[in-house]
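Data block below; observations after.
There are 2 protein chains.
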Amino acid sequence: MGEAASLIGADWGNTNLRLFCFDAAGRVTAEKNAPQGILQVPGGGFEAALEALAGDWLEGSPPILLCGAIGSRQGWLETPYVPCPAGEADLAAALTPLPTRLGRAWIAAGVSALTLERAETMRGEETKMLGLLAGQDGVVVSPGTHSKWVRLEGGRITALRSFMTGELFATLKAHSILGALMMPGPDDPDAFDLGVLRSLADPATTSLMLAARAEVLLGRLAPDQVASFLSGVLIGAEVRDGLLECGPGPPIRLVGSAGLMGLYARAMALAGRTDVPQTSGDQAAADGLWRLSRGLVGA
Amino acid sequence: MGEAASLIGADWGNTNLRLFCFDAAGRVTAEKNAPQGILQVPGGGFEAALEALAGDWLEGSPPILLCGAIGSRQGWLETPYVPCPAGEADLAAALTPLPTRLGRAWIAAGVSALTLERAETMRGEETKMLGLLAGQDGVVVSPGTHSKWVRLEGGRITALRSFMTGELFATLKAHSILGALMMPGPDDPDAFDLGVLRSLADPATTSLMLAARAEVLLGRLAPDQVASFLSGVLIGAEVRDGLLECGPGPPIRLVGSAGLMGLYARAMALAGRTDVPQTSGDQAAADGLWRLSRGLVGA
Chain G
136 MGEAASLIGA DWGNTNLRLF CFDAAGRVTA EKNAPQGILQ VPGGGFEAAL EALAGDWLEG
196 SPPILLCGAI GSRQGWLETP YVPCPAGEAD LAAALTPLPT RLGRAWIAAG VSALTLERAE
256 TMRGEETKML GLLAGQDGVV VSPGTHSKWV RLEGGRITAL RSFMTGELFA TLKAHSILGA
316 LMMPGPDDPD AFDLGVLRSL ADPATTSLML AARAEVLLGR LAPDQVASFL SGVLIGAEVR
376 DGLLECGPGP PIRLVGSAGL MGLYARAMAL AGRTDVPQTS GDQAAADGLW RLSRGLVGA
Chain W
136 MGEAASLIGA DWGNTNLRLF CFDAAGRVTA EKNAPQGILQ VPGGGFEAAL EALAGDWLEG
196 SPPILLCGAI GSRQGWLETP YVPCPAGEAD LAAALTPLPT RLGRAWIAAG VSALTLERAE
256 TMRGEETKML GLLAGQDGVV VSPGTHSKWV RLEGGRITAL RSFMTGELFA TLKAHSILGA
316 LMMPGPDDPD AFDLGVLRSL ADPATTSLML AARAEVLLGR LAPDQVASFL SGVLIGAEVR
376 DGLLECGPGP PIRLVGSAGL MGLYARAMAL AGRTDVPQTS GDQAAADGLW RLSRGLVGA
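Here the protein sequences line up with chains G and W, keeping their order.
Convert by adding 135 to the 1-based position in the first sequence; the result is the number in the numbering used here.
Convert by adding 135 to the 1-based position in the second sequence; the result is the number in the numbering used here.
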């Protein structure tokens, strides 16, 4: 082993646990990943799961900082939501100490936005935004189970909007008449594009979803194209509604996994937005965890 | 027993089988209903299921006419789709003889609409439209698992649009994070109205669905209100998109069950359409089956 860790950071979501080991300069020296999201770990098993995955990183008892669904009611310890507008100092001040025999530990707060028109929350994405807060104003899109569109203005998170895109796709695939129709097949870019274009041209999302079935019944779509078409309809609807809300002004950036960012970039290009840079979600999480941890020195 | 039946009609859908016994004047003298939709009856069991439910109605071997999903690929015998525009004569000409030892029998065709922008099909609703075809031009809304908006012009079905509303609600309730959050409770008209109003004001349906969760997390909605709120969001989105497509001109009529028509009428009223008469779906099915059968005399 080299030098001892100066921080263990965790992006601990509903379906996945990703750990980062930092050196004293804030560089990530190692990463570990496990399908040990809070939905997979039995209640009360969070400490054991973290200890097992972190292993010898825990030597020397470095501080531990967790973000994501682990701070939800179903997680290890419920932490508050910081209401918008929320900047780095607000989020650092809302870190919640976590009692654990593994050492000094904290869980990050989430962010909420409550307006007359809508309630919104996020947990984990706020940490990924921290490195971007210092930069240009704009909108950050974080695709996933519950995709987020996050407005950054003047160094603060000022608004957010969630879409059920990923969960809707998975649920319809597993438990609907559309899933019963799907045949396995390779990703089909043409069927995906067709779905995106349908949604960009038509606001009736719950109709376009179902139309996948009629396309097959009438012979215009093959059963092994249905998954890609439905993915296109759902991502296309999110891009349509997200762009409508954020308007043509603000720059847009994607933060997430390479695969999902590729699909979203494709859909955004079909909507006329080709100027969308991409940032790795893991890198953004590590960056945000390190930033948040700086306020903990000596805490 | 009174006089022998002159026709046995069946509205045989995915989840339900409803039988009508007609006298020689076309009056319904008896009805029977069973949860024996084509998804419940094992393959090959359709004849036995029909015989068991019809019972002594079969004495004298009256003609039998079936409509609905029973004519789909998963049904008893696949019948064609008649493309729009489709009138009563087109549908009568497309009746498909059904070989069965129960007597002379036919299954109705479905209706399809294939445009560059969209594929649409229906089975069963076309029969319910027949009695209305003779009347005023307009749009008929048939709420359900896959709701239909059907355009009637000049005595023909000229266009249709399906919405996944009912299946989406049931799937999300049984298999999503929203369902996990729901607590049982009485129907909540205020929560339903709130969901409808959200959808009428905002096209981002897949975001509004998920916002139900944040409303609970932030304390503005109780867990036993989530089902009504989600129902409002989904029905509201359908009404918003359906009205947008049909425009302010054509009269609208509801055809379906009393419970669903009540919810749709409420949502339409919130959208400014208070002039929406209601027709019982069972009555419309019986009426349509009798009309279709008249072409079969002596066949």
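Positions of the beta carbon are idealized from the N, C-alpha and C atoms, including for glycine.
Output the boundary residues of the alpha helix (DSSP H) element that contains residue i.
| i | result |
| --- | --- |
| V274 (chain G) | Run containing V274 (chain G): none in the alpha helix (DSSP H); it sits in the beta strand (DSSP E), G273 to S277. |
| V374 (chain W) | V361 to C381 |
| E260 (chain G) | E260 to L268 |
| D447 (chain W) | There is simply no residue 447 (chain W) to check, as chain W begins at 136 and stops at 434 in what is shown. |
| R153 (chain W) | Counting along the chain, R153 (chain W) falls outside any alpha helix (DSSP H), though it belongs to the beta strand (DSSP E) covering L152 to F157. |
| L405 (chain G) | A393 to L405 |
Using three-state DSSP, classify residue i as helix, strand or coil.
| i | result |
| --- | --- |
| R388 (chain W) | strand |
| V334 (chain G) | First, the amino acid is wrong: residue 334 (chain G) is Ser here, not Val. In this structure, S334 (chain G) counts as helix in the three-state DSSP scheme. |
| R286 (chain G) | strand |
| G178 (chain G) | coil |
| E350 (chain W) | helix |
| L249 (chain G) | strand |
| R239 (chain W) | coil |
| L142 (chain G) | strand |
| A254 (chain G) | strand |
| A434 (chain G) | Residue confidence for A434 (chain G) is low, a pLDDT of 48 falling below 50, so the modelled location carries little weight; the figure read from the coordinates is stated next. Looking at A434 (chain G) - three-state DSSP - the assignment turns out to be coil, as it is neither helix nor strand. |
| T340 (chain W) | helix |
| P358 (chain G) | helix |
| P234 (chain W) | coil |
| R408 (chain W) | coil |
| A244 (chain W) | coil |
| A294 (chain G) | strand |
| S428 (chain W) | helix |
| M136 (chain W) | With a pLDDT of 49 at M136 (chain W), under the threshold of 50, the modelled position of this residue cannot be trusted; read the value that follows with caution. M136 (chain W): coil per DSSP, three-state reduction. |
Under 6 angstroms Cβ to Cβ from residue i, same chain only, skipping five residues before and after it: list those, please.
| i | result |
| --- | --- |
| G203 (chain W) | D146, W147, G148, R258 and G259 |
| P218 (chain W) | S247 |
| Q360 (chain G) | D323 and A326 |
| A347 (chain W) | L313, V361, F364 and L365 |
| P220 (chain W) | R291 and T293 |
| T340 (chain G) | A372 |
| V331 (chain G) | G367, G371, A402 and L405 |
| A400 (chain G) | V411 |
| C381 (chain G) | V274 |
| G301 (chain W) | G279 and T280 |
From which residue to which residue does the beta strand (DSSP E) around residue i run?
| i | result |
| --- | --- |
| Q209 (chain W) | Neither: Q209 (chain W) is in no beta strand (DSSP E) and is coded neither H nor E. |
| T164 (chain W) | V163 to A169 |
| S415 (chain W) | Q413 to S415 |
| A184 (chain W) | Here A184 (chain W) belongs to no beta strand (DSSP E); instead the alpha helix (DSSP H) covers F181 to A189. |
| P218 (chain G) | Y216 to P218 |
| I199 (chain W) | I199 to C202 |
I'd like the list of long-range same chain contacts for residue i, defined as Cβ closer than 8 angstroms, with 5 residues on each side in sequence excluded.
| i | result |
| --- | --- |
| N151 (chain G) | N168, A169, P170, Q171 and G172 |
| T250 (chain G) | none |
| A420 (chain G) | G144, D146, R153, F155, C202, G259, T262 and K263 |
| M344 (chain G) | L307, L313, L365, V368 and L369 |
| G195 (chain W) | A139 and A140 |
Report all residues from its chain with a CB closer than 7 angstroms to the CB of residue i; omit the five preceding and five following residues, and keep chain order.
| i | result |
| --- | --- |
| G430 (chain W) | A227 |
| D225 (chain G) | V217 |
| S141 (chain W) | F157, D158, A159 and P197 |
| L237 (chain W) | E182, L185, E186, L193 and I199 |
| E255 (chain W) | S247, A248, L295, R296 and S297 |
| Q209 (chain W) | I173 |
Is residue i a contact residue of the ligand ADP, with contact defined as CB to any heavy atom under 7 angstroms?
| i | result |
| --- | --- |
| A221 (chain G) | For the structure depicted, the ligand ADP is absent and the ligand set is empty, with no information on it obtainable. |
Short-range partners of chain G found in the stretch 349-368 of chain W, where Cβ spacing is below 7 angstroms
Listed by position, the residues of the stretch 349-368 of chain W near chain G (Cβ gap below 7 angstroms) are A349, E350, L352, L353 and R355.
Please list the residues of the stretch 286-314 of chain W that have a C-beta atom closer than 8 angstroms to any C-beta atom in chain G, keeping them in chain order.
For the stretch 286-314 of chain W, the set of positions with a beta-carbon nearer than 8 angstroms to some beta-carbon of chain G reads R296, S297, F298, M299, T300, E302, L303, T306, L307, A309, H310, S311 and I312 in chain order.
Taking any Cβ of chain W, which residues in the stretch 336-348 of chain G have a Cβ under 9 angstroms from it, in chain order?
Correct list: A336, D337, P338, A339, T340, T341, S342, L343, M344, L345, A346, A347 and R348.
Taking the runs of the alpha helix (DSSP H) that are 4 residues or longer, which of them lie wholly in the stretch 296-329 of chain G?
Taking 4 residues as the minimum length, the alpha helix (DSSP H) runs contained wholly in the stretch 296-329 of chain G are 300-310 and 312-316, in order along the chain.
For the stretch 369-402 of chain W, enumerate the residues whose C-beta is nearer than 9 angstroms to any C-beta of chain G, in chain order.
Residues L369, A372, E373, R375, D376, G377, L379 and E380.
Which residues, taken in chain order from the stretch 245-257 of chain W, show a beta carbon closer than 8 angstroms to some beta carbon of chain G?
Residues passing the 8 angstroms Cβ filter: S247, L249, E252, R253, A254, E255 and T256.
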